[in-house]
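Here is the structure we will look at.
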Amino acid sequence: MSEWLSREEALERLGVRPQTLYAYVSRGRIGMRPDRADPRRSQYRADDIAALASRRARGRSPAAIAESAIAWGEPSIVTAISTVWHGHLIYRGQDAVALSDRTTLEETAGLLWALPGPISFEAPSPDAPPQIGRAPAFAQLALLAGQARPSLGRSAASLCADAAHAIGVLASALGAMAGPEPVHQRLARGWSVDDDGAEAIRRVLVLLADHELNASTFAARVAASTGASPAACLLAGLATLSGPRHGGAGEAVMQLAEDAARHGADAAIRRWLGHDRPLPGFGHPLYPEGDPRAAALLAGLDNTDETLRSLETAAIAATGAQPNIDFALAALTRGLGLPRDAPFHLFALGRSVGWAAHMVEQIVSGSIIRPRGRYEGLLP
């Protein structure tokens with residue numbers, strides 16, 4: 332029978348940080364199960380840890396180190412915008428959860444963009460009622476990208492002005508009404524929710540504004556490194572966000588909740604795990620003790636949704652993983668009666684601020700992102 336170790340024992344034997352341990356789990360290199368004495372904690376398979384520790388002791392090639400850095404590895408790009416530090420999300424030295432208590436997305440943009448005041452995301456009123464949804468959002472950014480001038484040689488202020496305009500256009504395509512108010516109030520009007528709902532929308536937009544070098548931000552930085560326009564960089568981020576392993580995870584949580592409503596939470600979870608699919612909405616490699624963004628958002632919601640409450644209880648019992656931001660987005664969407672695709676809309680609008688911050692930082696650095704591939708095919 333396999334021996335199972337506590338988190339502290341696993342970290343000691345491997346000599347790594349909690350983020351690295353959870354990265355090994357997410358890649359299937361270390362088995363994990365809920366601690367039977369305390370389901371809120373996890374245990375890790377000792378045999379897997381011993382094998383990894385042995386390989387680490389033998390040393391690693393530069394190629395292996397570079398490869399691992401791409402997937403939940405060590406930091407690989409210098410940035411002053413955000414980081415995850417001891418379970419906290421930090422925006423330029425400030426705790427993002429604390430910021431979400433009091434700031435708007437516009438004020439958060441001012442911080443992340445290193446500008447002295449809040450940004451305006453007001454979009455010009457259209458001549459006709461705007462088309463709203465994921466496809467119009469892509470179309471509007473593509474249109475702007477096709478018309479915009481490249482970024483090389485331009486000042487940070489000029490780049491930020493273009494980005495603010497593009498985000499205003501994106502906000503309209505994602506459901507925000509026209510007007511000078513902060514974007515969370517315009518979204519609330521578009522979705523017909525009250526002041527409490529608008530406050531919840533404000534909070535989640537701030538919590539989603541950046542998350543260091545996630546996949547969509549990396550895509551935006553790659554585009555920026557070539558000199559692409561601000562709108563093109565945002566479009567690169569939006570395209571990457573749409574994948575089911577990133578911003579599309581919110582849709583999977585909504586589907587899981589619907590399955591739980593029809594079949595019961597335990598049965599729904601067994602079905603997902605039985606098909607060898609990771610359970611959406613729970614666990615995060617960078618937050619082995621729980622996603623603080625989810626905790627902050629859920630604490631402010633009056634969650635009377637029995638389906639989600641039973642799903643949370645059953646998921647923790649089955650996996651030991653805590654709710655992440657995707658679960659919290661589903662709770663917000665169901666609780667406020669928002670459109671079913673609201674999780675993606677909120678994610679895209681909030682994260683666009685981070686994409687723009689990284690776009691400017693990358694362009695100012697003057698470097699191009701161009702890794703090499705390790706060829707394993709045939710040679711002549």
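All residue numbers for the sequence shown refer to our numbering, where the first residue is 332 and numbers rise by one. For glycine and all other residues, C-beta sits at the position ideal for the given N, C-alpha and C.
Residue i lies in the beta strand (DSSP E); which residues open and close that run?
i: TYR727; result: With the chain covering only 332 through 711, there is no way to say anything about residue 727.
i: MET508; result: Looking at the DSSP string, MET508 is not in any beta strand (DSSP E), and its letter there is neither H nor E.
i: HIS713; result: Residue 713 lies beyond the range of the chain shown here (332 to 711); nothing can be said about it.
i: VAL415; result: 413 to 416
i: GLN374; result: 373 to 376
i: PRO674; result: Where PRO674 is concerned, there is no enclosing beta strand (DSSP E), although the alpha helix (DSSP H) it sits in stretches over 673 to 696.
i: TRP335; result: 335 to 337
i: ARG364; result: 363 to 365
With a threshold of 6 angstroms on Cβ separation, who are the neighbours of residue i within its own chain once the five nearest residues in sequence on each side are excluded?
i: ARG423; result: LEU442
i: GLY362; result: ARG376, ASP379
i: CYS491; result: TRP444
i: VAL584; result: PRO611, GLY612, ASP657, PHE658, ALA661
i: ALA688; result: ILE412, LEU443, TRP444
i: LEU677; result: VAL535
i: THR307; result: There is no way to answer for residue 307, as the model of the chain reaches only from 332 to 711.
i: ILE498; result: PHE452, SER683
i: ALA567; result: ALA550, ALA551, ALA554
i: GLY704; result: none
Would you mind working out which of the options sits nearest residue i, comparing C-alpha positions?
i: ALA592; options: ARG640, ARG520, ARG608, GLY581; result: ARG640
i: THR414; options: LEU538, GLY528, ALA519; result: LEU538
i: SER456; options: GLY448, THR434, PRO511; result: PRO511
i: PRO467; options: THR650, ILE421, SER503, ASP541; result: SER503
i: HIS417; options: SER698, ARG348, ARG624; result: ARG348
i: THR573; options: GLN478, VAL500, ALA354, SER683; result: First, the residue type needs correcting, since residue 573 is Ser and not Thr in the sequence shown. Comparing Cα-Cα distances from SER573 to each of GLN478, VAL500, ALA354, SER683, the minimum goes to SER683.
i: ALA599; options: LEU587, ARG608, HIS606; result: LEU587
i: ALA648; options: ILE699, HIS676, GLN374, ALA540; result: GLN374
i: VAL356; options: ALA630, GLU343, LEU383; result: LEU383
i: ILE541; options: GLY681, VAL428, SER489; result: In the sequence under discussion, the amino acid at residue 541 is Asp, which differs from the Ile named in the question. Checked all of GLY681, VAL428, SER489; the closest Cα to ASP541 is GLY681.
i: ARG624; options: THR351, PRO365, VAL428, ARG367; result: VAL428
i: GLY631; options: ILE408, GLN350, ASP432; result: ASP432
i: LEU446; options: PRO674, ALA495, ALA470, GLU343; result: ALA495
i: ALA673; options: GLN350, ASP366, PRO365, GLY579; result: GLY579
i: ASP622; options: SER407, TRP335, HIS419, GLU339; result: HIS419
Closer than 8 angstroms by C-beta to residue i: which residues in its own chain qualify, once you throw out the five before and the five after it? Chain order, please.
i: ALA596; result: THR638, SER641, LEU642, THR644, ALA645, ALA646
i: MET332; result: Note that MET332 has pLDDT 45, beneath the 50 cutoff, so the model's placement of it is unreliable and the number below is only indicative. Hits under 8 angstroms: none found.
i: PRO461; result: PRO467, SER503, ALA504
i: THR410; result: GLU543, LEU544, HIS689, GLU692
i: ARG360; result: ASP379, LEU383
i: PRO449; result: THR435, GLU437, GLU438, ALA440, GLY441
Hey, could you find the ends of the alpha helix (DSSP H) residue i is sitting in?
i: SER641; result: 637 to 650
i: PRO467; result: 465 to 478
i: TRP444; result: No alpha helix (DSSP H) holds TRP444; DSSP gives it neither H nor E.
i: PRO461; result: PRO461 -> no alpha helix (DSSP H), and no H or E assigned at all.
i: PHE658; result: 656 to 667
i: ASP597; result: 596 to 605
i: THR571; result: 561 to 572
i: PRO623; result: 623 to 630
i: LEU710; result: Unbroken run through LEU710: none, as it is neither H nor E.
i: VAL428; result: 427 to 431
What residues in its chain sit with their C-beta under 7 angstroms from that of residue i, if we drop five residues either side in the sequence?
i: SER353; result: Sequence check: residue 353 is Tyr here, not Ser. Here the set comprises PRO616, PRO619.
i: TYR706; result: none
i: ALA519; result: GLY528, ALA529, ILE532
i: LEU430; result: TYR422, THR439, VAL537
### Query
Taking only runs of the alpha helix (DSSP H) that begin and end inside the stretch 486 to 555, which ones reach a length of at least 4 residues, in chain order?
487 to 504, 514 to 522, 526 to 538
### Message
Check whether the stretch 652 to 669 and the stretch 529 to 546 are in contact - that is, three or more C-beta pairs closer than 8 angstroms.
### Response
yes
### Message
Below 8 angstroms, how does it come out for the stretch 466 to 486 and the stretch 553 to 573: are there three or more Cβ pairs, yes or no?
### Response
yes
### Task
For the stretch 515 to 529 and the stretch 649 to 656, state whether three or more C-beta atom pairs, one from each stretch, are separated by less than 8 angstroms.
no
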